[in-house]
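Be aware that the sequence shown starts at 13, since it is given in my numbering, and climbs by one per residue. Glycine included, each C-beta is placed from N, C-alpha and C at the ideal position. Keep in mind that this is a model prediction, so the values were computed, not measured.
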Amino acid sequence: MSRTSLVWIFVATFVVHVTWVVSTQTAKPAGPLRIAKVKGDLHMISGEGGNVAVYVTGEGVVLVDDMFDRNHADILTQVKSVTDKPLKYVLNTHQHDDHAGGDFKMLPIAEVIAHKNARANLVDIKQPYYEDTPGTPIGLPRVTFSDEASVHLGGKEVRAKYFGRGHTSGDAVVYFPELKVIHTGDLFLGRQAGRGAAAAQTRPPGVNIYVDYAQGGSFLEWTKTLDGVLTLDFDTVIPGHGPVSTKDDVAKFRADLETMRNRLAGLIKQGTSKESVVKTLETDYGWRSTGCPPSPPTPGCLQFQQADALMAELKR
Ligand SMILES: [Zn+2]
13 MSRTSLVWIF VATFVVHVTW VVSTQTAKPA GPLRIAKVKG DLHMISGEGG
63 NVAVYVTGEG VVLVDDMFDR NHADILTQVK SVTDKPLKYV LNTHQHDDHA
113 GGDFKMLPIA EVIAHKNARA NLVDIKQPYY EDTPGTPIGL PRVTFSDEAS
163 VHLGGKEVRA KYFGRGHTSG DAVVYFPELK VIHTGDLFLG RQAGRGAAAA
213 QTRPPGVNIY VDYAQGGSFL EWTKTLDGVL TLDFDTVIPG HGPVSTKDDV
263 AKFRADLETM RNRLAGLIKQ GTSKESVVKT LETDYGWRST GCPPSPPTPG
313 CLQFQQADAL MAELKR
């Protein structure tokens, strides 16, 4: 066999391998979605990834978040099930691909708006990049804001607000003033009633969260950011994940986060070892340092550099 043929066999094998890797990484099938009315003309799509808000106005539809890339077609189907109006705007609560993974496919059909830090995080793709599906095409929002941005459509307003760092450096809270509803992204996670809640009652007050340190998140500033959120006049909450909740649920989440964080910070400042802090998180709060999925980062999971970064931040 000639050298040229060997080279071509090598190249062909490589191409087949790359194609196989790409197709297996993107082959995850989209899960079933459902849509339910939250209040007035506001609906919520859930079932996979982060919760999507659907706000219907006489001039078109505003979405908050767009789940994974793979959910795009079903999201459009769910929207069509409640209105004939065209999709006009998508607001991102942050850049994680279970919330903004659909941006690439939304850009040709809608204006996508995000906090400037969320867009910067998408540009940088700092590692570990929070993504469920490596290789997902990244869509960069064309419009960004610093403190606040409003979409006025069909006589209704949707207001994105930035209150500071928490889950990432670019978490937007989206406010529907006429309805007194907010979408918090992953700054707040709805807690399920039932068995998990019963188990949680026997534990000290705490929360399952993921602080994305690689993309500017902060455990210390998270409560201050939620204090800003709580100044808004609202009664109903679409969380990043979990069931529709209330303002009291957000206040309780904020209080539990602070109690847990202060206890951990106390232990760390006393010189408690990382192993011992991790053990406390596991036994008292139900966090996990093993058995977590390789990706994406998961609330209550000490993946990647989470334990080290948490120790470093709470030492201050
Ligand atoms: Zn997230």
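Since residue i and residue j are thought to touch, with beta carbons under 8 Å apart, how far apart are those beta carbons, to the nearest angstrom?
| i | j | result |
| --- | --- | --- |
| Leu199 | Gly151 | Not a contact, Cβ separation roughly 22 Å. |
| Gly202 | Gly254 | 3 Å |
| Thr235 | Thr248 | Actually they do not touch by this definition, with Cβ atoms about 22 Å apart. |
| Val64 | Thr95 | Not really, about 14 Å apart at Cβ, beyond 8 Å. |
| Ala122 | Lys100 | 6 Å |
| Lys128 | Phe175 | Between Phe175 and Lys128 the Cβ distance is about 14 Å, and since that is not below 8 Å, they are no contact. |
How many angstroms separate the CA atom of residue i from the CA atom of residue j?
| i | j | result |
| --- | --- | --- |
| Gly6 | Phe188 | A question about residue 6 goes unanswered here, because the residues of the chain that appear run from 13 up to 328. |
| Val68 | Lys97 | 8 Å |
| Ala172 | Glu270 | 25 Å |
| Pro216 | Glu325 | 22 Å |
| Asp86 | Arg46 | 9 Å |
| Gly166 | Val124 | 18 Å |
| His55 | Gly228 | 30 Å |
| Val170 | Ser285 | 46 Å |
| Asp320 | Gly298 | 18 Å |
| His179 | Glu71 | 33 Å |
| Ala132 | Thr89 | 30 Å |
| Thr302 | Leu314 | 8 Å |
| Thr214 | His195 | 29 Å |
| Phe316 | Leu75 | 31 Å |
| Val66 | Gln282 | 48 Å |
| Lys168 | Leu238 | 25 Å |
| Pro277 | Asp78 | According to the sequence as given, residue 277 is Ala; it is not Pro. Whole-angstrom Cα-Cα distance: 36 Å. |
| Ser35 | Ile57 | Any reading at Ser35 must be qualified, since the residue scores a pLDDT of 42, below 50, and its modelled position is unreliable; no value is offered. |
| Ser230 | Val193 | 25 Å |
| His164 | Glu233 | 31 Å |
| Lys327 | Ile280 | 6 Å |
| Met272 | His111 | 27 Å |
| Ser288 | Gln107 | 33 Å |
| Asp260 | Lys49 | 21 Å |
| Pro251 | Asp115 | 20 Å |
| Lys40 | Cys304 | 18 Å |
| Leu134 | Glu160 | 20 Å |
| Leu242 | Val186 | 13 Å |
DSSP three-state label for residue i, please.
| i | result |
| --- | --- |
| Leu119 | coil |
| Gln37 | Any reading at Gln37 must be qualified, since the residue scores a pLDDT of 48, below 50, and its modelled position is unreliable; the value itself is stated next. Reduced to three states, the DSSP call for Gln37 is helix. |
| His84 | helix |
| Gly197 | helix |
| Phe231 | helix |
| Arg46 | strand |
| Gly278 | helix |
| Glu325 | helix |
| Thr145 | coil |
| Thr89 | helix |
| Arg207 | For Arg207, the predicted structure reports a pLDDT of 49, less than 50, and the residue's modelled location is therefore unreliable. A value from the coordinates is still provided. Reduced to three states, the DSSP call for Arg207 is helix. |
| Ser162 | strand |
| Arg171 | strand |
| Tyr101 | strand |
| Arg300 | strand |
| Val66 | strand |
| Lys51 | strand |
| Ser58 | strand |
Looking at chain C, is there any beta carbon in it that lies within less than 9 Å of the beta carbon of residue i?
| i | result |
| --- | --- |
| Leu152 | The structure shown contains no chain C; it holds only a single protein chain. |
With distances taken from each beta carbon to the nearest heavy atom of ligand 1, which residues come in below 5 Å, in chain order? His108 and Asp198
Uninterrupted alpha helix (DSSP H) stretches inside the region 234 to 275 (no shorter than 4 residues) = none
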